[in-house]
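Undergrad: The following block contains the structure, expressed as structure tokens.
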Amino acid sequence: MLAIYRKEMRSYFINPIGYVYLGVFLVFSALLCCYTTLVRGSYSTGSYFTYLIFSFMILIPILTMRLFAEERKLKTEQLLLTAPVSIPGMVLGKYLAALTIYVGGILLSCVNLIPLYIIGAAERGGSSYSMTHIGPITGEIAGSLIAVILLGAALIAIGTFISALTENQLSAAIITIGVIAAMVLLNVFNLLKDSDGQPLIRVYAIRSIISWVSVMSRFSNFTNGIFDYAALLYYLSLSFVFLFLTVRVYEKRRWG
Amino acid sequence: MIKIEHLVKNYGSNCALDDISFEVGEGEIVGLLGPNGAGKSTAMNILTGYLSSTSGKASIAGIDILSDPIRAKKLIGYLPEQPPLYLDMTVEEYLNFCYELKGCKLNREEHLRRICETVQIGDVYKRVIRNLSKGYRQRVGIAQALVGDPKVVIFDEPTVGLDPKQIIEIRNLIRGLGKEHTVILSTHILQEVQAVCDRIVIINKGRIVANEKTENLAGAVEQVRRFRAKICGPQKEVLTCLRSMQGIAYAEALAERDGDAFTYFVESEYGTDIRKKLFVMLAERGWALIGLESLGMNLEDIFISVVDKSEEKGTAAAARKPRRTRNTKSRDSAEQDLGAALYEDAKRRREEAAQNETEDD
Chain A
0 MLAIYRKEMR SYFINPIGYV YLGVFLVFSA LLCCYTTLVR GSYSTGSYFT
50 YLIFSFMILI PILTMRLFAE ERKLKTEQLL LTAPVSIPGM VLGKYLAALT
100 IYVGGILLSC VNLIPLYIIG AAERGGSSYS MTHIGPITGE IAGSLIAVIL
150 LGAALIAIGT FISALTENQL SAAIITIGVI AAMVLLNVFN LLKDSDGQPL
200 IRVYAIRSII SWVSVMSRFS NFTNGIFDYA ALLYYLSLSF VFLFLTVRVY
250 EKRRWG
Chain B
0 MIKIEHLVKN YGSNCALDDI SFEVGEGEIV GLLGPNGAGK STAMNILTGY
50 LSSTSGKASI AGIDILSDPI RAKKLIGYLP EQPPLYLDMT VEEYLNFCYE
100 LKGCKLNREE HLRRICETVQ IGDVYKRVIR NLSKGYRQRV GIAQALVGDP
150 KVVIFDEPTV GLDPKQIIEI RNLIRGLGKE HTVILSTHIL QEVQAVCDRI
200 VIINKGRIVA NEKTENLAGA VEQVRRFRAK ICGPQKEVLT CLRSMQGIAY
250 AEALAERDGD AFTYFVESEY GTDIRKKLFV MLAERGWALI GLESLGMNLE
300 DIFISVVDKS EEKGTAAAAR KPRRTRNTKS RDSAEQDLGA ALYEDAKRRR
350 EEAAQNETED D
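If you read the protein sequences in the order shown, they are chains A and B.
If you count the first sequence from 1, position 33 lands on 32 in numbering that gives the first Met the number 0, and the numbers rise without skipping.
If you count the second sequence from 1, position 55 lands on 54 in numbering that gives the first Met the number 0, and the numbers rise without skipping.
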């Protein structure tokens, strides 16, 4: 497993993919942070993290598209599958490599928040009243970071699974974009209102199903400063299910 | 060392392997021989744990590949049909990756250096695999199979796409491996198995049609004799005379002339030596025999006759149907006496020739 993890990490940086991912992600997050906080003159990071998730629609497929599709196309998976490595070990090695790049990107992007703290400290120093909190709320940011990381982990698991289904990287990427977009944007239907101010989707059951499936509706608690264990469990189980399915794809191919 | 018992593999409604059983002893080099699509690669993929079997058992050194895959895979080095190379790695990185992947405990540097010496890739050790020629890629693939000093080495068509010099090198290499490793290789090139293997297993349409020591096959070759005879005399009469002679299974005139002598192709019946009788018969008639050249039968002929035979029996049609359960019926017919097969082949051709003749008339 460790050998596969190391090989994947290496190949992220031998190909342009790792650099492209990190570069695009850092630029996007920096711009986003600038517009949602500094330009608006707000310490609230809620909308920053919310919009960040939209970037994952494009970025996470870049990270996951080649994981299995490339191996299958080049027939190198035969090496991995005939080596003394279990299939879960192989899947986990690849998944963790993608996750490492992702988490690395998120942690690097924390630099964006430093100006908020500096400005906050400056404003606090200049203010006469000490009772109210001025500046970003660290607890809320930490909670959001954890949620973003776990959400990303779930999306990467989905991307990994889709990559295992096809031997064409491009189709893996496009399908993953579609699936992630659906999961992220589904919530929009619940927010739509008709002219009377009533929700467009009248049936409560459908709305609750949509909000159950949507990753965004679960994320909104974190942006409001609530640490939602149920959502974390949802993200974790989503990751687990799709990794398990990836293993099953390989098991099935053996038996097919 | 390797034991395959009643292996069946169905791909949907297509049966790729149909009850295959054979054993390979330690240090033996066995060649799997068969036309394209015979099931060679499938058998190897099952043996290496890449595919599973529909039913049956494959074990390496007593370890079942399905029930304890990790331990069994540790004993195997496998070169698939297409060498599984990461094109963006250098040879060094690639072999190091394989070393880690297989969880080797040997002295890394010395082990890898020795492998590179064996397959002669030392001079491209630092180069990126993408830039290597096909022959070098193949050798890197072989090197990969040898990493970790596996007891069993399995090569799927190791010499495809190599130039003649490289083919000879690889064959020598494989023969050298046979001293310390158990080797299975597949090929559809007959000279290759003849040159390298101790034993030959011929597979056709998912069934074993022959499983013989290479010498035995060569022995079967000796039994049927084919000659090229140069005989002075009127062509048509000589030919009728040859055909009517006892012990000759088949005769035909070749389009070759040497003065007043014509050349004939003569095939004797199974187990009879016709040379003396032929000489006496010709001498009686006053036709001079000025040349008699023995044509050895090569493995190609054996292969074709064995494969044809198995198809003639109508087993082929049945073989392609999927088998959900193992058939316990005895399969003696599959492993048949090669000599008899060859004899029948000759007889069949004689009949065909006779038929053509009547049509001509």
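Ideal placement from N, C-alpha and C gives every residue a C-beta, glycine not left out.
Here the structure is a predicted model, which is why all the values come from computation and not from measurement.
Is the Cβ of GLN81 (chain B) closer than 9 angstroms to any Cβ of chain A?
TA: On the second sequence, residue 81 (chain B) is found 82 positions in, with the first residue counted as 1. Judged by the 9 angstroms Cβ criterion, GLN81 (chain B) is in contact with chain A.
Undergrad: At what residues does the beta strand (DSSP E) containing ILE200 (chain A) begin and finish?
TA: Within the first sequence, residue 200 (chain A) is the residue found at index 201, counting from 1. No beta strand (DSSP E) contains ILE200 (chain A), which DSSP labels as neither H nor E.
Undergrad: Hey, is HIS132 (chain A) close to the ligand GDP, as in C-beta under 8 angstroms from one of its heavy atoms?
TA: This structure does not include the ligand GDP; it has no bound ligands of any sort.
Undergrad: Using 8 angstroms for Cβ pairs, my map puts GLU22 (chain B) next to LYS39 (chain B). What's the rounded Cβ distance?
TA: As a working mapping, residue 22 (chain B) is identified with position 23 in the second sequence. As a working mapping, residue 39 (chain B) is identified with position 40 in the second sequence. Not a contact, Cβ separation roughly 17 angstroms.
Undergrad: For chain B, check one thing: does any of its Cβ atoms lie closer than 9 angstroms to the Cβ of PRO83 (chain A)?
TA: Mapped onto the first sequence, residue 83 (chain A) falls at position 84. Yes, PRO83 (chain A) counts as interfacial toward chain B.
Undergrad: Assuming TYR98 (chain B) is part of the alpha helix (DSSP H), what are its boundary residues?
TA: Here residue 98 (chain B) corresponds to residue number 99 of the second sequence, with the count starting at 1. TYR98 (chain B) -> alpha helix (DSSP H) spans 90 to 100.
Undergrad: What does SER54 (chain B) reach in chain A if we use C-beta pairs closer than 8 angstroms?
TA: The count along the second sequence starts at 1 and reaches residue 54 (chain B) at position 55. In chain order: nothing, as chain A lies at least about 12 angstroms away.
Undergrad: Of all the options A:ASN189, A:SER207, A:PHE221, which has the alpha carbon lying nearest to the alpha carbon of ALA199 (chain A)?
TA: Translated into the one-based positions of the first sequence, residue 199 (chain A) becomes position 200. Per the sequence presented here, residue 199 (chain A) reads as Leu, with Ala not at that position. The option with the nearest alpha carbon to LEU199 (chain A) is A:ASN189.
Undergrad: Measuring only the C-alpha atoms, how far is LEU144 (chain A) from VAL84 (chain A)?
TA: Sequence index remark: in the first sequence, residue 144 (chain A) carries index 145 (1-based). Sequence index remark: in the first sequence, residue 84 (chain A) carries index 85 (1-based). Each residue's Cα considered, the two are about 33 angstroms apart.
Undergrad: Would you please verify whether the beta carbon of LEU95 (chain A) is less than 9 angstroms from any beta carbon of chain B?
TA: Residue 95 (chain A) sits at position 96 when you count from the first residue of the first sequence. False, the Cβ-Cβ gap to chain B never drops below 9 angstroms.
Undergrad: Under a CB-based cut-off of 9 angstroms, is GLU166 (chain A) close to chain B?
TA: Against the first sequence, residue 166 (chain A) aligns to sequence position 167. No, because no Cβ of chain B sits closer than 9 angstroms to the Cβ of GLU166 (chain A).
Undergrad: For the alpha helix (DSSP H) holding ALA250 (chain B), just list the boundary residues, first then last.
TA: For the purposes of this step, residue 250 (chain B) is taken as residue 251 along the second sequence, with counting starting at 1. Careful: ALA250 (chain B) lies outside any alpha helix (DSSP H), inside the beta strand (DSSP E) at 247 to 257.
Undergrad: I'd like to check one pair, THR35 (chain A) with TYR50 (chain A): are the Cβ atoms closer than 9 angstroms?
TA: As a working note, residue 50 (chain A) is residue 51 in the first sequence. As a working note, residue 35 (chain A) is residue 36 in the first sequence. Their beta carbons are under 9 angstroms apart, which means TYR50 (chain A) touches THR35 (chain A) by this criterion.
Undergrad: Find out if the Cβ-Cβ distance for the pair LEU164 (chain A), TYR101 (chain A) is shorter than 9 angstroms.
TA: The residue labelled residue 164 (chain A) in the question sits at position 165 within the first sequence. The residue labelled residue 101 (chain A) in the question sits at position 102 within the first sequence. Taking 9 angstroms as the Cβ cut-off, LEU164 (chain A) and TYR101 (chain A) do not qualify as a contacting pair.
Undergrad: Scan the region 116 to 159 of chain A and note each continuous alpha helix (DSSP H) run of 4 residues or more that stays entirely inside, going in chain order.
TA: List check, alpha helix (DSSP H) in window: nothing returned.
Undergrad: Is DSSP giving LEU191 (chain A) helix, strand or coil here?
TA: Along the first sequence, read from residue 1 onward, the residue named residue 191 (chain A) stands at position 192. The answer is coil: DSSP assigns LEU191 (chain A) none of H, G, I, E or B.
Undergrad: Hey, quick one: how far does the beta strand (DSSP E) through SER20 (chain B) stretch, first residue to last?
TA: Start at 1 with the first residue of the second sequence, and residue 20 (chain B) comes out as number 21. Note, SER20 (chain B): beta strand (DSSP E), 13 to 23.
Undergrad: Rounding to the nearest angstrom, what Cα-Cα distance links VAL146 (chain B) and GLN245 (chain B) in this structure?
TA: Here residue 146 (chain B) refers to the residue found at position 147 of the second sequence. Here residue 245 (chain B) refers to the residue found at position 246 of the second sequence. Roughly 60 angstroms between the two C-alpha positions.
Undergrad: Quick check: is the beta carbon of TYR124 (chain B) nearer than 9 angstroms to any beta carbon in chain A?
TA: Walking along the second sequence from the start, residue 124 (chain B) turns up at place 125. Chain A contact via Cβ: absent.
Undergrad: Short check: CB of TYR249 (chain A) to CB of LEU95 (chain A), under 9 angstroms?
TA: Here residue 249 (chain A) refers to the residue found at position 250 when the first sequence is read from its first residue. Here residue 95 (chain A) refers to the residue found at position 96 when the first sequence is read from its first residue. No.
Undergrad: Just the Cα atoms here: how many angstroms apart are LEU74 (chain B) and GLY26 (chain B)?
TA: Stepping through the second sequence from its first residue, residue 74 (chain B) is reached at position 75. Stepping through the second sequence from its first residue, residue 26 (chain B) is reached at position 27. Taking the straight line joining both Cα atoms gives about 14 angstroms.
Undergrad: VAL192 (chain B): which of B:LYS212, B:ASP259, B:GLN165, B:GLY205 sits nearest, CA to CA?
TA: On the second sequence, position 193 is the one that residue 192 (chain B) refers to. Of the listed residues, the one whose Cα sits closest to VAL192 (chain B) is B:LYS212.
Undergrad: Kindly indicate which three-state DSSP category GLY36 (chain B) falls into: helix, strand or coil?
TA: Locating residue 36 (chain B) in the second sequence gives position 37, counting from the first residue. Coil.
Undergrad: So LYS73 (chain B) contacts chain A; which residues on that side make the cut at Cβ distance below 7 angstroms?
TA: The residue given as residue 73 (chain B) occupies position 74 in the second sequence. Those within 7 angstroms of LYS73 (chain B) in chain A are PRO83.
Undergrad: Classify TYR372 (chain B) as helix, strand or coil using the three-state DSSP reduction.
TA: With chain B covering 0 to 360 only, the question about residue 372 (chain B) has no answer from this structure.
Undergrad: Counting only beta-carbon separations shorter than 9 angstroms, does GLN77 (chain A) have a partner in chain B?
TA: Within the first sequence, the letter at position 78 stands for residue 77 (chain A). Chain B contact via Cβ: present.
Undergrad: Is DSSP giving GLY30 (chain B) helix, strand or coil here?
TA: Numbered from its first residue, the second sequence carries residue 30 (chain B) at position 31. Note: GLY30 (chain B) maps to strand in three-state DSSP.
Undergrad: Alpha carbon to alpha carbon, what distance is there between MET0 (chain A) and LEU294 (chain B)?
TA: Position 295 of the second sequence, counting from 1, holds the residue named residue 294 (chain B). Position 1 of the first sequence, counting from 1, holds the residue named residue 0 (chain A). Approximately 57 angstroms, taken between the alpha carbons.
Undergrad: Any beta carbon of chain B sitting closer than 9 angstroms to that of SER10 (chain A)?
TA: Translated into the one-based positions of the first sequence, residue 10 (chain A) becomes position 11. Yes, because at least one Cβ of chain B sits closer than 9 angstroms to the Cβ of SER10 (chain A).
Undergrad: Consult DSSP for PHE24 (chain A) and reduce its assignment to one of helix, strand or coil.
TA: Locating residue 24 (chain A) in the first sequence gives position 25, counting from the first residue. PHE24 (chain A): helix per DSSP, three-state reduction.
Undergrad: Which runs of the beta strand (DSSP E), 3 residues or longer, sit entirely within the region 14 to 90 of chain A?
TA: The region 14 to 90 of chain A contains no whole beta strand (DSSP E) run of 3 or more residues.
Undergrad: Measuring only between beta-carbons, confirm whether TYR77 (chain B) sits less than 9 angstroms from chain A.
TA: Taking the first residue of the second sequence as position 1, residue 77 (chain B) is located at position 78. So yes, TYR77 (chain B) belongs to the interface.
Undergrad: Within its chain, find whatever has a CB closer than 8 angstroms to the CB of ASP197 (chain B); leave out the 5 residues flanking it on each side and keep chain order.
TA: Your numbering for residue 197 (chain B) matches position 198 in the second sequence. Same-chain partners within the cutoff: GLU27, ILE28, VAL29, GLY177, LYS212, THR213.
Undergrad: Which two residues bound the contiguous beta strand (DSSP E) that contains LEU78 (chain B)?
TA: Translated into positions along the second sequence, residue 78 (chain B) becomes position 79. Run containing LEU78 (chain B): 75 to 78, per the beta strand (DSSP E) assignment.
Undergrad: Counting beta carbon pairs with one atom in the region 94 to 112 of chain B and one in the region 163 to 180 of chain B, are three or more of them shorter than 8 angstroms?
TA: Not touching, per the Cβ criterion.
Undergrad: Per DSSP, what kind of secondary structure is THR271 (chain B) in: helix, strand or coil?
TA: In the second sequence, the residue the question calls residue 271 (chain B) occupies position 272. Looking at THR271 (chain B) - three-state DSSP - the assignment turns out to be coil, as it is neither helix nor strand.
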